[in-house]
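Report on the following structure.
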Amino acid sequence: MAAANLANPSRFLKIASPAIPWLGGLTVIAFAVGITEAVLSPDDYQQGATVKIMFLHVPGAWLGMLGWGVMTVAALGTLVWRHPLADVTAKAAAPIGAAFTFMCLVTGSLWGRPMWGTYWVWDARLTSVLVLFLLYLGVIALWRTVDDPSRAARAAAIVTLVGAVDLPIIKFSVEWWNTLHQSASVFRMDGPTIDPSILVPLLVMTGAFTLLFITLLLAAMRNELLRRRVRTLRLMQASVVG
Amino acid sequence: MSALAAIFIRDMRNTVRVGGGALMGVLFFLVVVTMVPFALGPDLALLNRIGPAILWLAALLASLLALDRLFATDHEDGSLDLILTGRPPLELVVLVKGFAHWVTTAVPIIVAAPFVGIFLNLGGRAGTATVMTLLVGTPALTFIGIIGAAIAVTLRRGGLLLAVLVLPLTVPVLIFGVAAANAAVSGPIPFGTPFMALCGLSLASLVVGPFAAAAALRLEME
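Chains R and Y supply the protein sequences, listed in that same order.
Each residue of the first sequence is one higher than the last, beginning at 5 in this note's numbering.
Each residue of the second sequence is one higher than the last, beginning at 22 in this note's numbering.
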């Protein structure tokens, strides 16, 4: 299925609408497995039960960044190819990505209190994720300020592309700077450094949250398309009556 | 080339004339810095320690002040359409307009900074270092901000949105600017390291800013 085939919003709706309940069901199953595994997973020998915060924190961070990644690709789609679904994708992804970034910040803060002794430190990883959250809020504010959707899409696309600079900074912040936040322990050249008893539930939870992300994104895109259809119909009706 | 020079001279003239708001930025800068000791108390040691940060923050806010009108006035009187259809590349025009904005907004702040620094007990080495960092760092603020100015051009209330969009992107500039100024005073890292990073940020934004702003203008005006 090429992207060009999905360009037609009606065709997208025809495929996405029946897929959303199935994806939702799959998400529920994945969460059931993931939460069970997370509850049964052993405590960390140093951190105790607080290590379980990781099962929310890591997926939040990953999806917060994936959200901006999706928006960046969509921004290219808007600016380069004028893909009709690209700006719908970008608009739908922004609040979802912002929510996951917020989840990452809150869980990280709650985890930092028992482990680091503080809710917040101004180190590179935390600061760059906070900047990502602010960028999300800025883009959402931009979408809500411009009333013409296609003009808003182009402005948001530029901001998204410029803001994408933050993604590599987040990723490499723990390597470039000496920070309180630990460095990468899952995606490493020499393999993960987490014990399988914790790594497996982490991966399942990440998968479950990713499914949730995809489901919410498709649902939000469908809603946005329907909202635009309603808007067009209203405008047509107004022009007929007027 | 003469077209670009004409745009530069026109922008300079427009800001200097009545209603142009020249020196508004530096006035704002002065007022913000003056408010700080009232909030913190007149502890000279404390002011000396956080002085560079205060000067930088005030300069950052002041540089945002006139930014939302940078293209908006051209849009309102129709000259933006002429610029868009004109012969000189839009990227260069944006660069020239940004430079004019920097000269009218940032340069007065840089000139005033050593004197305002006296209020914050920043003399000698610390004052010089802060002025140096402002000199090489403010172009980055202008040319990151110019992207926001281009996006806000058709918005009716673009000013606040501009600040929300631009300020997070200026975080690295602020970090390295203040780090360099502090390094000159107290160490432990040498002044050169963050200073070079600050120069790099300015040069990078000098390239990225005009292209992104020009793209935004083209897309919005079509």
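Cβ coordinates follow ideal geometry from the N, Cα and C atoms, glycine included.
How many Å lie between K56(R) and T105(R) at the Cα? 18 Å
Can you give me the Cβ contacts of L113(Y) inside the same chain, cut-off strictly under 7 Å, excluding the 5 residues immediately before and after it? L25
Cβ-based burial, Y140(R) [other Cβ within 10 Å; buried from 16]: buried
Length at least 4, wholly inside the stretch 62-149 of chain R: the alpha helix (DSSP H) runs in chain order: 90-120, 128-149
List the residues of chain R whose Cβ lies closer than 9 Å to the Cβ of I210(Y), in chain order. Simply none; closest approach about 13 Å.
Cβ pair A234(Y), I167(Y) closer than 8 Å: yes
Under 8 Å between C-beta atoms of G230(Y) and F164(Y): yes
Cβ shell of P63(R) (< 7 Å), same chain only, five flanking positions each side left out: M209, T210, F213
So if I threshold CB-CB distances at 7 Å, which residues from the stretch 142-162 of chain R count as touching chain Y? G142, A145, L146, T149, V150, R155, R158, A159, I162
Can the beta-carbon of P293(Y) be found closer than 8 Å to that of G142(R)? Given a span of 22 to 243 for chain Y in the structure shown, any question on residue 293(Y) remains unanswerable.
Under 8 Å between C-beta atoms, does V133(R) make it to chain Y? no
Taking only the alpha-carbon atoms, compute the straight-line gap between I51(Y) and R148(R) and give it to the nearest angstrom. First, the amino acid is wrong: residue 51(Y) is Leu here, not Ile. Between L51(Y) and R148(R), the C-alpha separation is close to 34 Å.
Member of S243(R), R86(R), L114(R), P205(R) whose CA lies at the smallest distance from the CA of F35(R): P205(R)
I'd like the ranges of any alpha helix (DSSP H) spanning at least 4 consecutive residues and lying wholly in the stretch 169-214 of chain Y. 179-187, 192-207
Name, going along the chain, the residues of the stretch 217-239 of chain R whose beta-carbon falls closer than 8 Å to a beta-carbon of chain Y. none
For S177(R), count neighbouring C-beta atoms within 10 Å of its own C-beta (all shown protein chains included) and say buried if the count is 16 or more, exposed if not. buried
Report the residues of the stretch 202-226 of chain Y with a CB closer than 9 Å to any CB of chain R, ordered along the chain. none
What does DSSP give as the partner residue(s) for D48(R) in the beta ladder? G52(R)
Would R235(R) be called buried (16 or more neighbouring beta carbons within 10 Å of its own) or exposed? exposed
Which residues in the same chain as I196(Y) place their Cβ atom closer than 7 Å to its Cβ, once the five residues preceding and following it in sequence are excluded? none
Would G169(Y) and L181(Y) qualify as a contact pair, given that the criterion is a beta-carbon distance under 8 Å? no
Whole angstroms is fine: what's the gap from V32(R)'s alpha carbon to L215(R)'s? 9 Å
Short-range partners of chain Y found in the stretch 49-74 of chain R, where Cβ spacing is below 9 Å: none
In whole angstroms, what is the alpha-carbon distance linking M5(R) and R15(R)? Low confidence applies here, because M5(R) scores a pLDDT of 44, under 50, leaving its location unreliable; read the following figure in that light. One C-alpha to the other measures close to 12 Å.
List the whole-angstrom C-beta distance separating S21(R) from R226(R), where the pair is believed to meet the contact cut-off of C-beta under 8 Å. 6 Å
Would you kindly check if the distance between the Cβ of A23(R) and the Cβ of A94(R) is under 8 Å? no
Spatially closest choice to L229(R) from I202(R), W126(R), P153(R), by CA coordinates: P153(R)
Using the beta-carbon of each residue, which ones in chain R are nearer than 7 Å to A237(Y)? A159, I162
Three or more beta-carbon pairs under 8 Å between the stretch 37-51 of chain R and the stretch 74-84 of chain R, yes or no? no
Cutoff 7 Å; reference A225(Y); Cβ partners in own chain excluding five residues on either side: none
What are the start and end residues of the alpha helix (DSSP H) that includes I28(Y)? 23-37
Which chain Y residues sit within Cβ distance under 8 Å of L17(R)? Within 8 Å Cβ-Cβ: nothing; L17(R) doesn't reach chain Y, min ~27 Å.
At least 3 beta-carbon pairs within less than 8 Å: the stretch 73-87 of chain Y vs the stretch 143-151 of chain Y: yes
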